[in-house]
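Notes follow once the structure below has been shown.
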Amino acid sequence: MKLKDRLPLELRAAYLALHRCSDMQFAKLGVTADQFVLLATLVRGHALTQRELAARMPSDPSTVRAMLVLLEVRGFVARNTHPTDGRARTVALTAAGLRKYRQVWKAGQAIRDQMVSSLSATETESLVTLLRRVSKSLADASMVMAAASTQNGN
Numbered sequence: 161m162k163l164k165d166r167l168p169l170e171l172r173a174a175y176l177a178l179h180r181c182s183d184m185q186f187a188k189l190g191v192t193a194d195q196f197v198l199l200a201t202l203v204r205g206h207a208l209t210q211r212e213l214a215a216r217m218p219s220d221p222s223t224v225r226a227m228l229v230l231l232e233v234r235g236f237v238a239r240n241t242h243p244t245d246g247r248a249r250t251v252a253l254t255a256a257g258l259r260k261y262r263q264v265w266k267a268g269q270a271i272r273d274q275m276v277s278s279l280s281a282t283e284t285e286s287l288v289t290l291l292r293r294v295s296k297s298l299a300d301a302s303m304v305m306a307a308a309s310t311q312n313g314n
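Structure (structure tokens):
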């Protein structure tokens, strides 16, 4: 198999390994890896609409909504009607959500340490840069494909 053909498989394998480790570690705290990503996305700033949150994660809006319902019941997020768009909902971390985020972040340190243990600092920096480039390239391509699909009536 050519190197370019192995890249997607290796990226997926790395993602799945990270996801499994995170789910195992975070389960002790009652949070999934995906829920942690949601909390981490919200901790970065002000309230977001559910649509903005789904785009930033990135995740399917219906999946994000389902996670929000569960996290709201647990008191980790608050969802409110958007101040200028009655159809939209804004989402923000509660104080309990911020505490949970910090607890899970701390619990994830061993995973982050393990991820970089076989890399030098330079390799880690390079990998992060390259992954950002790949993510941007794929995001740009998906926007082009979505626009083309809309123009073709699909």
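If you're matching positions, the sequence shown starts at 161 in my numbering and goes up one per residue. All residues carry an ideal CB built from backbone N, CA and C; glycine is no exception.
Within 10 angstroms of its Cβ, does alanine 270 collect 16 or more other Cβ (buried), or is it exposed? Burial call: exposed.
Presumed contact (8 Å Cβ cut-off) between glycine 257 and leucine 199, rounded CB distance: About 6 Å; that satisfies the 8 Å criterion.
Residues of its chain near alanine 193, where Cβ-Cβ distance is below 7 Å and the 5 sequence neighbours each way are ignored: When the five nearest sequence neighbours on each side are left out, the beta carbons in the same chain lying within less than 7 Å of the beta carbon of alanine 193 are those of His179, Ser182, Asp183 and Phe186, in order along the chain.
Based on the DSSP output, what are the partners of arginine 249 in its beta bridges? The partner list for arginine 249 (beta bridge, DSSP) reads Thr241.
Return helix, strand or coil for leucine 178, following the three-state DSSP convention. Residue state, collapsed to three classes: helix.
Using 8 Å for Cβ pairs, my map puts valine 251 next to leucine 287. What's the rounded Cβ distance? Beta-carbon to beta-carbon, valine 251 and leucine 287 are separated by about 31 Å, too far to satisfy the 8 Å threshold.
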